[in-house]
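Scroll down for the structure; my scribbles are underneath it.
There are 2 protein chains.
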Amino acid sequence: MRTSLREIFEARSVAVVGASKDPSKAGHQVVRTLLTAGYAGRIYPVNPNETEILGLPCYRSITDIGGPLDLVVVGLPGRAAVTVMEEAEQRGDVKGVVVLSAGFAETGIPENVAAQERLAEIARRSGIRVFGPNCIGIMNPETKLVTGFHPGVRLIPGNIGYVTQSGALGGSLVTLALSQPKPLGFARFGHVGNMCDVSNVELMEDYGDDPKIKVILVYLEGVRDGREFMRAASRVTAKKPVLVLKVGRTAGGARATLSHTATLAGMDGVYEGAFRQCGVVRVHTMQDLIAGAKAISMLPPPRGNRVCILTEAGGMGVISTDEVESSGVLKLAPMSQETCEKLTALLPPMAMVCKPNGYVDTSAAATAQEFGEAMRLILSDPNVDMVVFNSIPPTFLSPMDVAQAIVPVVREFGKPVAACFTVNETVVEARRYLEENGIPTFDTPDGAVRALAVLTRAAFRTSHPLVDLPHTRHPILERAAAERRHLLEPEVLDFLADHGIPVLPHVLARSREEAQHAAAEMNGPVALKVVSPQILHKSDVGGVRLNLYGPETVGHEYDRLVNDVRRAVPGADVHGALVVPMALPGPECIIGVVRDPQFGPTVMFGTGGVLVEVFQDVSFRVAPFDKAVALDMIKETRGYLVLQGIRGEQPKDIASLAELLVQVSRLAAQYPQIREMDLNPVRVYERGYSILDARIVLDLG
Amino acid sequence: MRTSLREIFEARSVAVVGASKDPSKAGHQVVRTLLTAGYAGRIYPVNPNETEILGLPCYRSITDIGGPLDLVVVGLPGRAAVTVMEEAEQRGDVKGVVVLSAGFAETGIPENVAAQERLAEIARRSGIRVFGPNCIGIMNPETKLVTGFHPGVRLIPGNIGYVTQSGALGGSLVTLALSQPKPLGFARFGHVGNMCDVSNVELMEDYGDDPKIKVILVYLEGVRDGREFMRAASRVTAKKPVLVLKVGRTAGGARATLSHTATLAGMDGVYEGAFRQCGVVRVHTMQDLIAGAKAISMLPPPRGNRVCILTEAGGMGVISTDEVESSGVLKLAPMSQETCEKLTALLPPMAMVCKPNGYVDTSAAATAQEFGEAMRLILSDPNVDMVVFNSIPPTFLSPMDVAQAIVPVVREFGKPVAACFTVNETVVEARRYLEENGIPTFDTPDGAVRALAVLTRAAFRTSHPLVDLPHTRHPILERAAAERRHLLEPEVLDFLADHGIPVLPHVLARSREEAQHAAAEMNGPVALKVVSPQILHKSDVGGVRLNLYGPETVGHEYDRLVNDVRRAVPGADVHGALVVPMALPGPECIIGVVRDPQFGPTVMFGTGGVLVEVFQDVSFRVAPFDKAVALDMIKETRGYLVLQGIRGEQPKDIASLAELLVQVSRLAAQYPQIREMDLNPVRVYERGYSILDARIVLDLG
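This is the structure:
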């Protein structure tokens, strides 16, 4: 039976194998750090060549240790870790092993890869949990347990759980949090290194059930199995917020990730979509991650997204307002007329009250008492969910007086309030006082708003569990695969129709006469599109004719089309031309399927017609998904404005478009043979849509 | 003769009118601040009711002061300032007056507005320069002159000149700068308040000639006269970098600005374009402003935009790389194979060298000496213009050892190097040491890269002087204005053609037969567009018919069009229909003219056809401008990709499009009667373009 990770974080005894008197050795640092921190359990240095280290008796090996042993930290280089694992298995009481040493699978050298596999094997067999190799392991500030060493980390208890894919960056996040006016501590820290046993996904799930943790911070460079990550994340986010700093956003960044770890960094748009789908809140900088964590750690969740900005200085207020408007999640609070009137009566004549609504500039003439009273009036308004309070070091007031005036008021209402006292020697004490009394403070007005935006996104997170559909077969796909070719357009249309997706009427004409006959039946202008297994990009070879009227034109153009294509692609097997009616004009979308190396079948939605590549107005979700997710995808694009109807146009049929996305996502999940699918363009109308072109590329192995 | 502002910054004596023993009075604070700071000149407290204040003899009025008097600070409330101004004029030796008190034009109360006008009048007459009213005035750390009081501001000399539209925000910027590991001081600080005499524009220009100032920082909420600002800014940026933090970016932000000062905040896109046009570098946060200023203040300008990232930890390296790629100005340095090979030989086996090129991850195993050597190899490479050096507090090295290893190497090469030691108690000393030795340090890897991006944008700024063209008249505009109507489409086309802008052939057909005849002459499909002074939006009333072939169709559609329009707009005076040939397909742009309240005639360029409003892919420049500016405008849009030719398309005629923008900008500047112009769409071809629709709206008063 595998030991739960929580038991390891709460280990009551630690052996440090490779403990040393030499301060430049890892084994020395670990023992010293445990001693300095005041670890609450027993520490057993292990080194066959010493009898005592840093005042503690030293053991020849872990098998020599008499008392119960929960955790072993291996500071010895190379494969000595395997021997230690074997000894731990022999003992029978060891719950976890942290292997600090590098030099395993990450080197790519076969014997090192094998050594790591050996560690994993013993872990599986014995139930002993292994962190690493190549990691700094875990920290638990409550018992002062620390298996690594990151200079400057103080073990201050808090309610954050860290999961990090980089020891260095994880440590930096912790020290950034500790540098806040009131040091922002943590409950757990875990760096899993090469993940021969415990993975970052398992660690995150463990934190999900840990009552000491209110918010989980994940530093991610990539995931190996995106679907596993999403399933775990959606279970965890159903319980508590997860904030992720995922790096490798750009092509260059992704390249650097690739060179840094064995993990492949996927397309960033797919990560973005996957995070939203499983309720994870993504931030883009270390500072926003810690600011957001601080807000969640200290504040209650807001009831809504309406923020009032209470500012002592106009410039700061405008910066806050800019950030609210561009946050994508917050809006200025529409306070009642009564609140605005009372504020006007309260504040000095130069104050700017409710211009615009939700914005209150007290002017520098306000007194501490007036700040407190203004805060009370604002928090009393049911249309206010949160407040950002901006203050410069007041000219005639001490910052502490202002802080003391607002603290009791804020406490009374239990609504989230964030404060910005700009960086200044004179506000250090007031900021600490505010934070000790539950009001997080920030260096800049925009930073305070971004923290509330993270708080709000976390409060209103929705998580959609990811399922796997059973794989299935379809005769059209089977036949094409057997013939080692991709689908012809009529086959794609038949395949879609077979799954209940409406397609345009279409006839495969094999001659001039068949084309004329089909066109006549369609009773309106038609398009001709060449059908040939050798031709994927029809337009490029003259294989498309649009907007044809009358039998003469249709016949003439059919002949020209076949000629043009034969000349452009000499060996092409031309089956004929697909005759379809010209579609009515309407906004154009693209719906695509890709098979992501980490996330598997993934659906893209985009707008902008032929300009989709230029404006990159696209959103991704991992397949399959339901209609709520599909609607999110559509709303995420700027093109949503067009679909809602701009410039007096009627709104388009977004519901049926969402239904199409759901259907496509199911096809993507059910048919692993489909490597790529493009429905492009899809024209959307007031009722329904038309798929103007459709393409399916098979995975032919 | 007006006194130069520099003389005022270097005032050798200051009288403080309204000096007081009461610590809650401004007059007390100013005297105390001057004394505490150790002002190098003479201080004269003025208060008829006291004989001594803070140990200094007190005067009844400034006329009682015997010695020469350079500067007067007025701390008295209300219109007492006018009396002081009169006394100052009487003395004859006073160079400047700073009026701290509020309660003037910003209140909108007529008698207060008049008092401010009186101050301005005496200033004009006497040559005495006035800062304010409603301001905190000036600071000069060299002589410890300070006329206001911002708690926490230490007067540390440096090479930054601050111009601020808000005393509070300006003070916060100064304290943010002072909070750097090595406090970042300044040479001048000026807050101009209501600007009854000295304006922020004049202050900026004065800094341009001030040898003590290397970089100018401007906090802006809006400008009154955009063209004056641009002219001044382009003169200043020809000499030294100007960084601007302009707030009020979003609609909401702009509203808040409106309520804060009497200044109207213009459309943000216009500001963005105007700043680029006059060589001003805009940043969007207080932190980026100070980080950018620090980089410029401490570093030489880079020779190019190629950055090498030298990192001790992968995660930080990837964050830096992400930021380089998304900076829009920097790129990873393409180092020589020789450099890459030497780095590989130097660094530990786990290091990741030149994967991707320009990226070097030393791994945590590198020694201080290896960091120094790696830095030397990188800086020696002529393909490297700058380096970002990322370090976590190293596990076994002291941060100071690392700092000491790189300082002498960096000094040798004189290329810009920025360092990120993440926030941590253990790196404080090393960061200070680096900064004292010319290497700016930053809290996060992305912050370091953003600072170098500002440094690079500042180094490669180009400034385009703004001219005014003489206003002129044109018979087409005169006639329409006389008839109190906007231009008809044929008039617009004739007007454009008259100014050398190519337009499509067009015939105004007044009957079915004329339409048929014109269409026959055009020898291809045509469009019909209604011509009527009552109809501006032709499509909405059925006034456009596209893609018509043959006399029968043309005649039929002409009749239908006239009927439809008459039915839709019963009273409309229908002149007939414009017959134009159908244009070939091609990427579509929009070129527009607006008259901005601050910047006057302004040209917009945009792409995306009908989706221009959705994707907002537009750029602005203030008219008139030359071809270099027009090309910048085009390159600023994402649509530039399309114009360059995507998906195998031939590149479009960007040069002729730029020429068109120049021509339009000249029309906008020459004809103030034109309130709005829209050329939309303009289709761009491999050679030339077609203006498919053109509209001119006149200012009819």
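Heads up: the sequence lines are chains X and P, in that order. For the first sequence, the numbering used here assigns the number 264 to the initial residue and increments by one for each residue that follows. For the second sequence, the numbering used here assigns the number 264 to the initial residue and increments by one for each residue that follows. All residues carry an ideal CB built from backbone N, CA and C; glycine is no exception.
- The DSSP assignment places 305-309, 334-337 as complete runs of the beta strand (DSSP E) inside the region 281-346 of chain X, in order along the chain (cut-off: 3 residues).
- Partner residues in the beta bridge of P:V362, as assigned by DSSP, are P:V337.
- The Cβ-Cβ distance between X:R494 and X:L811 does not fall below 8 Å.
- Considering only beta carbons, the part of the region 427-449 of chain X lying closer than 7 Å to chain P consists of S429, A431, L432, G434, S435, T438, L439, S442, in chain order.
- Between P:Q861 and P:V464 a beta carbon distance of about 12 Å is seen, past the 8 Å cut, so the two are scored as non-contacting.
- For X:T719, the three-state secondary structure derived from DSSP is helix.
- Taking 8 Å as the CB threshold, P:P796 stays off the interface with chain X.
- Of P:G318, P:L268, P:L642, P:G338, the smallest CA-CA separation from P:G290 is found for P:G338.
- Looking from the CA of P:P662, the closest CA among P:G635, P:R674, P:I641 belongs to P:G635.
- A direct Cα-Cα distance of roughly 16 Å separates X:A556 from X:L483.
- Cβ-Cβ distances below 6 Å link X:M579 to N653, P708 in the same chain, with the five nearest sequence neighbours on each side left out; the list follows chain order.
- When X:N786, X:V336, X:G871, X:Y934 are compared, the shortest CA-CA separation from X:A886 is found for X:Y934.
- In the assembly as shown, P:S795 is a buried residue. Its beta-carbon has 16 or more other beta-carbons within 10 Å.
- Contacts with chain X at 8 Å (Cβ-Cβ) include P:D585.
- Using a CB distance cut-off of 8 Å, X:G763 does not count as an interface residue toward chain P.
- Cβ-Cβ distances below 7 Å link X:L924 to I854, V866, F868, A893, M896 in the same chain, with the five nearest sequence neighbours on each side left out; the list follows chain order.
- Here the alpha carbons of P:P944 and P:V533 stand approximately 21 Å from one another.
- Straight-line measurement puts the Cα of X:N457 at about 18 Å from the Cα of X:I271.
- For P:N312, the closest alpha carbon among the candidates P:E777, P:A274, P:V280, P:G489 is that of P:V280.
- One finds nothing in chain X with a Cβ atom closer than 9 Å to the Cβ of P:E741; even the nearest lies about 33 Å away.
- For the C-beta of X:Y302, not a single chain P residue is nearer than 7 Å; the gap to the nearest is close to 19 Å.
- Less than 8 Å separates the beta-carbon of P:L562 from that of P:P679.
- In the structure shown, the three-state DSSP call for X:M845 is coil.
- Here the alpha carbon of X:V857 sits roughly 51 Å from the alpha carbon of P:T438.
- Legend: CB atoms of the region 482-502 of chain P lying less than 8 Å from CB atoms of chain X belong to residues Y482, E484.
- In the structure shown, P:E912 adopts coil according to DSSP, grouped into three states.
- The DSSP-derived three-state label of X:F272 is helix.
- At the C-beta level, X:V717 and X:V455 stay beyond 8 Å of one another.
- P:H413 counts as buried, since no fewer than 16 other beta carbons sit within 10 angstroms of its beta carbon.
- Counting other Cβ atoms within 10 Å of its Cβ, P:R884 reaches 16 or more and is therefore classed as buried.
- Here X:T266 really is in contact with X:R392; their C-beta atoms are around 5 Å apart, less than 8 Å.
- Against X:V905, the close residues of chain P are L874, V877, in the order they occur along the chain (beta-carbon pairs closer than 8 Å).
- Contact residues of the region 360-379 of chain X toward chain P are A365, G366, E369, T370 (C-beta to C-beta distance below 9 Å).
- Membership of X:S882 in the beta strand (DSSP E) is indicated by the continuous run 881-885.
- Taking a beta-carbon distance threshold of 8 Å, P:T689 counts as an interface residue toward chain X.
- Taking a beta-carbon distance threshold of 8 Å, X:G290 does not count as an interface residue toward chain P.
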